[in-house]
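Down below is the structure, laid out as structure tokens.
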Amino acid sequence: MAVSKYICCCFADDSDDDSDFMRPLLDHTGLTPPRSMGPRKRTYGAKKSAFSAAAAAIFGSAVNDPSPAIPSPPRSPLADITSAIGNIALGAGEDEEEESGDNVPQEVEDPAAYLQPLIAAYKADRNRTLEIQKWKDILTEDCSVTKIAEASYAEVYRISTDSGTSIIKVMRLQSPHDVDSLELETAIKIKSVVSEIRIMNALTELPGFVKFKDAHLIQGKSTKLFKHAYGAHERQSKDGSFFPNPLTYTDDSVFLAIELGDAGTVLEEFKLETIDQVWDVLLGVIMALAKGEADFEFEHRDLHENNICVSSTRSPEHKPEHPTLCRFGYSDLEVTIIDYGLSRATLQNGDTVSYDLEEDLTIFEGTDGHPQFNAYRKMRTHLFTSTRGMYPSTWHKPESRNENNGHTWSEHVPYTNVIWIQFILGHLKREFKKKNGASSPELRQFTEETKELSKRLDPRTKVENGAFQTAYEVLEFVLWQGWVTYDQADASGVEFDTLSLSDDEDDSVEDTEVEQEVDDSQGRRGKRMGKRRAAE
């Protein structure tokens, strides 16, 4: 679940039935049958697209007291599916036939029983019923559909109509009634999507987090629009597609479609032009993480450059000519955190939701020395040992599970957020260096100004010497430095306590910044271990 995982289906609030939007679509296409593929293995890290990957969410107003029930979203650009199709029963149906006294009633198995964990969670969090629909019911005939990206378990589409656009993240669910889905490595288990959708719903109103509009279950064969979008994307992608052609969908194929807002470009594909942009991305991420951590004990656990989106949507603040400590707000960038596939949170009702990373240890077996894969290993080492060291990839084998000291990924371990803040700081410096050179005056000044921040993020720094333990402590430091004003933090939804930092703290930490360089022979993202996509 590493890169841009967006899914969307434009379905919105409950309103009157608009039959014009529900016209059946043609289901024939001239696309060639799906090509044979080798086993597709899960990828952690960049998820490439022939287009700019999109994800969503714009900083909204501060939410100091999260409501247990998320308000119904505004009407989507697409048709209102829920009201249009009526109440579609998920069960096997009501037993309407009269039974004679001699007949013994027989219990009928619910064919959708395997979906109940997802349906129940959606009902609890949204107070709405997640119903099964058909592909032909979700789109108007005059809309356009463009496939823009693929993630480990999701295909990402942009849906455009005269009234606007939405991003749809579509995941095929493993179903006992769909034999093919049980063999596909692109199909996902129900339990793996429950935690992500619940976290998405909880964080949707927080500034800096992706806007979650709605989710829908879809069953059956695809439509002409999606078939053409798939074909166009496959032709433009040098690697083709790692997902089955929609022509192969059967009446038993089941999908989860999540609608998100359309809010920009993943950080990996965005070219950082100015040091002001670097500052805004770094500080925007810190504020969002601190807010999520404080409100929901949130840990992202996978916050690399493909799970951060940027968009030019706000007017930059006037940059004063005289010296000032403030560093935030001088570019036009908005920052949005996306993809909670590996994340953990405590919901308002007390439920803990998380993904068990022990289910797939290949995430910890990536190239030793590569910043992203090092971050995964640091998390697991810290969870198991409560230290800030890092065991190498060779240690993270199945037998290492016996060394967990009773700890599990459901626990709140906020230091994981600190690990990813350090990763983002290093990534921003490397990318700015590529464009502007190591001798850039702006980069030299940025490195000097963030030297103390780097020391406190360094895992070699001791807590008694000022090492950060939470994202909130990083935010306190940022406020203490004056890089973000209290008004700016308040506008971003942050509630802060009395600062715990003081001027007389021990400054004996070695002035050495950890530079995690990427081996050019391994490429930007290093060697992917284990579950790498393979296509013939």
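If you count the sequence shown from 1, position 367 lands on 366 in numbering that gives the first Met the number 0, and the numbers rise without skipping.
Idealized CB from N, CA, C, for every residue including glycine.
Small disclaimer: the values here were computed from a predicted structure and weren't measured.
By the Cβ-count criterion, residue 402 is exposed, with fewer than 16 other Cβ atoms from all chains shown falling within 10 Å of its own Cβ.
With a cutoff of 8 Å on beta-carbon distance, residue 487 and residue 456 are scored as not near each other.
Boundaries of the beta strand (DSSP E) around residue 310: 307-311. In this structure, the straight-line span from the alpha carbon of residue 235 to that of residue 467 is close to 45 Å. Contact between residue 286 and residue 438 is absent: CB atoms are separated by about 31 Å, not below the 8 Å threshold. Taken through DSSP and simplified to helix, strand or coil, residue 139 comes out as coil.
About 24 Å separates the CB atoms of residue 211 and residue 222; that is not less than 8 Å, and the two are not in contact.
Residue 477 carries a helical assignment under DSSP once its states are collapsed to helix, strand and coil. Per DSSP, the beta bridge partners of residue 163 are 160. Contact between the stretch 188-202 and the stretch 163-179 is present: three or more C-beta pairs spanning the two stretches fall below 8 Å.
Residue 187 and residue 148 have their C-alpha atoms spaced approximately 17 Å apart. Residue 263 and residue 117 have their C-alpha atoms roughly 29 Å apart. Counting the other CB atoms within 10 Å of its CB gives residue 462 a total below 16, which places it among the exposed residues.
Between residue 454 and the set 373, 154 and 473, the nearest pair of CA atoms involves 473. Straight across, the Cα-Cα distance linking residue 125 with residue 174 is about 24 Å. In this structure, the CA atom of residue 176 is about 38 Å from the CA atom of residue 412. By the criterion of a C-beta distance shorter than 7 Å, residue 291 is surrounded in its chain by 202, 205, 208 and 297, once the five residues flanking it on both sides are discounted. Take the alpha-carbon of residue 213 and the one of residue 119: they are about 15 Å apart. For residue 371, the uninterrupted alpha helix (DSSP H) run begins and ends at 370-384, by DSSP.
With a 10 Å radius around the Cβ and a threshold of 16 neighbouring Cβ atoms, residue 374 comes out buried. Within the stretch 258-319, the alpha helix (DSSP H) runs of at least 4 residues that lie entirely inside it are, in chain order, 274-295. Looking at the backbone, the Cα of residue 180 and that of residue 323 are separated by about 57 Å.
In this structure, DSSP gives residue 487 a helical state, which the three-state scheme calls helix. When C-alpha distances from residue 165 are compared across 137, 185 and 479, the shortest belongs to 137.
DSSP places residue 227 inside the alpha helix (DSSP H), whose first and last residues are 223-235.
In this structure, residue 254 and residue 196 do not form a Cβ contact; the two beta carbons are roughly 13 Å apart against a cut-off of 8 Å. Put simply, the backbone Cα of residue 429 is about 29 Å away from that of residue 359.
Bridge partners of residue 171 according to DSSP: 254. Cβ contact annotation for residue 274 (same chain, cutoff 8 Å, sequence separation greater than five): 431, 441, 442, 444 and 445, in chain order. Residue 331 and residue 313 have their C-alpha atoms roughly 5 Å apart. Annotation for residue 333: the continuous beta strand (DSSP E) segment containing it runs 332-336. Beta-bridge partners assigned by DSSP to residue 187: 172. Here the alpha carbons of residue 142 and residue 225 stand approximately 11 Å from one another. With a cutoff of 8 Å on beta-carbon distance, residue 341 and residue 307 are scored as not near each other. Of all alpha-carbon atoms in 336, 302 and 276, the one lying nearest the alpha-carbon of residue 316 is that of 276. A Cβ-Cβ distance of about 5 Å is found for the pair residue 327 and residue 483, placing them in contact under the 8 Å criterion.
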